[in-house]
Amino acid sequence: MSERGFDIRRQTGFNTIAVFCFVMLYLPIILLVVYSFNAGTSIAIWEGFSWRWYVSAWDNEKVQAATFRSLIIACAASMIATSAAVLAALATTRTRPWRGQMLVFALVNQPLMVPEIVTAVALLIFFAIIKVATGYTGLWYLIVAHAAFCIPFAYMPIRARLQGMDLSLEQAGADLYGTPFKVFCRVTLPQLWPAILAGSMLSFVISLDDVVITEFVKSAGQDTLPTYMLGQLRRVITPEINAISTVLLAISILMVSGFFLLSRSKK
Amino acid sequence: MSDLSANFQRRERRLRFLLLSPVMLILLFAASGPLIIVLIYSFLTPGAYGNVEWSFSIDAWFNVILKRDIFTGELSFADAHLTVFWRSIKLSLMTAILAFLLGFPTAYFIATRPRRYRDVWMLLIMIPFWTNLLIRTFAIMELIRNEGTVNTLLMAAGIIDQPIQMLYTEFAILMGMAYVYLPLMILPVYASMERLDFSLVEAGYDLYATRWQVLRKVIFPLVKPGVVAGSILVFVPCLGAYVTPRVLGGGRQLMLGNLIELQFGQLRNWPLGAALSLTLLAIVMVALIFYVRAIGREGASNV
Amino acid sequence: MIQIDNITKIFGTGAESVAALDDVSVTINSNEFFTLLGPSGCGKTTLLRVIAGFIAPTGGQVSLDGEDLLSKPPYTRPVNTVFQSYALFPHLTVRQNIAFGLEMLGRPKTEVSSTVDEMLSLVQMTQMADRKTSEISGGQQQRVALARALAPRPKVLLLDEPLSALDFKLRKEMQLELKRLQSETGITFVFVTHDQAEALTMSDRIAVMSAGTIRQIGNPRDIYDHPAERFVADFIGDTNFLEAELLSIEDDMARIRLAGGAETFARTVEGESRDSGAVTIATRPEHATLAASGEGLLSGTICEVVYLGTDTHYHVDLDCGARFVVRSQNQPDQAQDRKAGEQVDVVIASGIGQVLRD
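Residue numbers (numbering that gives the first Met the number 0), protein chains in the order written: chain A, 0 to 266; chain B, 0 to 302; chain C, 0 to 357.
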């Protein structure tokens, strides 16, 4: 007792629970990744290492189509969401506070507050009306829907960066005869790039991972990777699903780590 | 002078409007606007093949918790719906409690690490959270399936002869949701704990409090706003969960999200689906108001 | 009585290890106002935290009234602390804060509430009993922290620089208040501070610490008038240091020859073993006076006169090259004013200077 002293921070069992949590957070994911390399068809019995499920996923035309669609939607949605978010962030940080600002915040954050299933249902109904009225059933419904729920994720880092910026730089720009637009392009934007990149990466991941809204909004034959997987889960599961999951996981982890690095580098 | 400033204000307003319009357009088109249509649809009559017929009816709202007997016209509680409501609320509460029991010690653990390592520990918590929800649910499914890792291991070890049926039970949903939403508990609790002044903990020990008493009388009250915030952050998405109960409940253990989906799929009762969605939204909004108040209280206590 | 024997505390390991406490032994008497005084990093707070139980020493013994303290966790030691930051519980009211210790000890409700009332009136906070601790001023928080630590009637009260956050005037008030509380309650106070004036004002005894060791223990007067070594003399008050040659030791007095050739007597510290060689003599500025040239021990020239209201400092460049400061109380008449450039002698009465330990 007197040798080690009295540690005021210790609480009996807390470390054990914490270690358990960390193990439990990663163990299922690690197992999933491990079995994607299984030579056998089981996702519980290890039969040796093999790339066969990656090959079979690669050769699966449905997977190819879904991957392609997922990427198109994620790219388009994150670009739209990020561009719109930059403008909105400028409006909320570079003009004087005004009445109705709270409303804008509420609207921007709505996708975070309203349960996804409710938004999904709302979009299903609304787009059904438009589909009937216009006859258009293309990908744009999904792109716009994704852009909408990506906006808060793009908006947050960009606004934080704009708020943290040294205003005197922009004032110096204006003092040196820069018009507001030029000041934005030459002074603000170069400093904002890390945040824009971070916001778009996060949006990309959020869009890529979406299941619920896509499931409700998609027209026939518009499966993305996650909805394709959701459909497959009802059938006999082979490690092919693990292989697809592993690739998606890798993309997410890369993007999210990139996001954290970018949003920290400003300090 | 005043002309100039009025002119300036007008220009600022116009600029602001232009800057905000893309975001507002997208959100009105694909987030807020459709909600109003949901409200309208909840007062319409279901169409025979899905969608609606444009005639006013409040049946959908009745049907949220009541049902009318086809023959006698008597009203009674819709047991099936109530079961789903009850299951949703029960499982969401249990998930919040489980997440608290696991998340509180974990947040404490991270908050008591040396400062330079805390961000790394938090990153370890957050990385799974930012990965695909479906994949994480699927990972749990692989773990607890009859042919899954747990059962295989237990049978290989000779502890059981028959696989334990865990998948497609409420337990599976609980496990899955706790797994998926645990970071939402840890994040706010950690945020409170990181600001915890450990000289208060010392003062507690100095004043004859045992470890348990310090935990209960000093640490817990001080981080309570974080715990409240975390519980609501877990509770809210659980209540509207769709993917996790679908994959792990397998259509046998419906939650609200699945019940809503059914109305747009097999049951073809869009107005009821709309009414159920709005009911869910209302419950979530109430929970979020509590959340905002919890956050506000924490902000106030830090002044 | 707190008996501290050979306490050593080493932080870190290997090449980076630092001895925060290096073989410290001291006995603190019951009902005593004992002060640990020293610059930051001297180990005084470490020693306090060893007694409180928040730091386990690397070696040594601490006992309270003959009972070993080190084997006990903080929450069973009959010792309470007033923290530097006060560490008042922000989620509790003033009253609940004061009641905390008594409740943890499981005292009956009636006793808790009567003791709390007593404490509230002792620190004159009865009016504020139901306020939140964030709603009261710094000085009031200080009183609550005191009341909270006194409420369980500990055998020893540890105070970790409790006045450092207060402004000057409030600090003066609280110094007297603390002294009053100590004599009223009869509890042993162990007080940590880096403020020498504070230590001199309040303490029964002072231990001056530096670099993890105790340099001198004594009552305020001893410490001030007869610093045992250069560090103590320097840290407490202003001091003139003079080089001298030790001629002989007679009882507790040393016969010395100053740089100018004059011979006089100076006090020695207990256990002085030298009887010849070069020594350093410390003299307080107010213990010396100025006299006309030829009338004192040391001659020199006034180079600067600093008027400070209550007194005046005369900086004298001695002929031997040293600088000597004489402080003289100002009187209504200006007759004895001296000017820079004047030739003067410095007078130090026999037996006033102090021979410092090496």
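Heads up, the beta-carbon is just placed ideally off N, CA and C, and yes, glycines get one too.
Being a predicted model, the structure only gives us computed values, none of them experimental.
Check residue i in the structure and name its three-state DSSP category.
i, result
"Met140(B)", "helix"
"Ala348(C)", "coil"
"Ile1(C)", "strand"
"Glu176(C)", "helix"
"Met0(A)", "Residue placement at Met0(A) cannot be trusted, given a pLDDT of 37 that sits under 50; what the coordinates show is reported in the next sentence. It is coil, neither helix nor strand."
"Asp21(C)", "strand"
"Val302(B)", "Annotation note: pLDDT 34 at Val302(B) (below 50); position unreliable, coordinate value reported separately. The answer is coil: DSSP assigns Val302(B) none of H, G, I, E or B."
"Gln95(C)", "helix"
"Asn59(A)", "coil"
"Gln330(C)", "coil"
"Glu217(A)", "The residue you asked about is not Glu; residue 217(A) is Lys in the sequence shown. Coil at Lys217(A), not helix or strand."
"Phe125(C)", "The question names Phe, but residue 125(C) in the sequence shown is Thr. Note: Thr125(C) maps to helix in three-state DSSP."
"Ile160(C)", "The question names Ile, but residue 160(C) in the sequence shown is Glu. Coil at Glu160(C), not helix or strand."
"Glu31(C)", "coil"
"Ala47(B)", "strand"
"Trp53(B)", "strand"
"Arg233(A)", "coil"
"Asp116(C)", "helix"
Using a cut-off of 9 Å between C-beta atoms, extract the partners of residue i located in chain C.
i, result
"Ile7(A)", "Phe53, Pro73"
"Val119(B)", "Result: empty, since nearest Cβ-Cβ is about 23 Å, beyond 9 Å."
Against chain A, does residue i count as a neighbour if the rule is that its beta carbon must be under 9 Å from one of theirs?
i, result
"Trp60(B)", "no"
"Arg303(B)", "Nothing about residue 303(B) can be read from this structure; chain B reaches only from 0 to 302."
"Met23(B)", "yes"
"Thr44(B)", "no"
"Pro127(B)", "yes"
Can you find a CB in chain B that lies within less than 9 Å of the CB of residue i?
i, result
"Asn14(A)", "yes"
"Gly137(C)", "no"
"Ile128(A)", "yes"
"Leu161(A)", "no"
"Ala14(C)", "no"
"Thr94(A)", "yes"
"Ser41(A)", "yes"
"Gln10(A)", "yes"
"Ile44(A)", "yes"
"Asp208(A)", "yes"
"Val17(C)", "no"
Quick one: list the residues of chain B neighbouring residue i, beta-carbon separation under 8 Å, in chain order.
i, result
"Ser84(C)", "Asp196, Ser198"
"Asn79(C)", "Asp205, Leu206"
Under 7 Å Cβ-Cβ, which residues of chain C neighbour residue i?
i, result
"Ala228(B)", "The contacting residues do not exist; Ala228(B) stays about 16 Å from chain C at best."
"Thr209(B)", "Tyr74"
"Pro220(B)", "His90"
"Gly4(A)", "Ile54, Ala55"
Taking 9 Å as the CB-CB cut-off, is residue i touching chain C?
i, result
"Ala202(B)", "yes"
"Cys20(A)", "no"
"Gln161(B)", "no"
"Lys216(B)", "yes"
"Gly177(A)", "no"
Please list the partners that residue i has in chain A, where partner means a Cβ-to-Cβ separation under 7 Å.
i, result
"Gly272(B)", "Val120"
"Val37(B)", "Val120, Ala121, Ile124"
"Arg114(B)", "Within 7 Å Cβ-Cβ: nothing; Arg114(B) doesn't reach chain A, min ~13 Å."
For a contact meaning CB atoms closer than 7 Å, what does residue i contact in chain B?
i, result
"Ala90(A)", "Arg15, Leu18, Leu19"
"Phe99(C)", "Leu206"
"Met103(C)", "Leu206, Tyr207, Ala208, Gln212"
"Pro161(C)", "Neighbours of Pro161(C) on chain B: none; closest Cβ ~13 Å, over 7 Å."
Name the chain A residues that come within less than 9 Å of residue i, Cβ to Cβ?
i, result
"Asn268(B)", "Residues of chain A passing the Cβ test: none, with the nearest at roughly 12 Å."
In chain B, which residues lie less than 9 Å from residue i when you measure between Cβ atoms?
i, result
"Leu284(C)", "For clarity, residue 284(C) is Pro in the given sequence; the question names Leu instead. Going along chain B, no residue has its Cβ under 9 Å from Pro284(C), so there is no contact; the nearest lies around 40 Å."
Please give me, in chain order, every unbroken run of the alpha helix (DSSP H) with length at least 4 that falls completely inside the segment 80-114 of chain A. 100-112
What beta strand (DSSP E) runs, 3 residues minimum, are completely inside the segment 242-318 of chain C? 252-257, 262-266, 276-282, 287-291, 297-306, 310-317
Using 8 Å as the Cβ pair cut-off and three pairs as the minimum, do the segment 73-89 of chain A and the segment 152-165 of chain A touch? yes
When the Cβ atoms of the segment 300-311 of chain C are set against those of the segment 338-354 of chain C, are three or more pairs found closer than 8 Å? yes
In chain order, which continuous runs of the beta strand (DSSP E) of length 3 or greater are located wholly inside the segment 141-169 of chain B? none
On the three-pair Cβ rule with 8 Å, is the segment 76-96 of chain C touching the segment 154-166 of chain C? yes
Counting only runs of 3+ residues fully inside the segment 192-251 of chain B, write out the beta strand (DSSP E) ranges in chain order. none
How do the segment 103-118 of chain C and the segment 61-69 of chain C stand: do at least 3 beta-carbon pairs fall below 8 Å, yes or no? no
Decide if the segment 123-143 of chain A is in contact with the segment 188-202 of chain A; the criterion is three or more beta carbon pairs, one per stretch, under 8 Å apart. no
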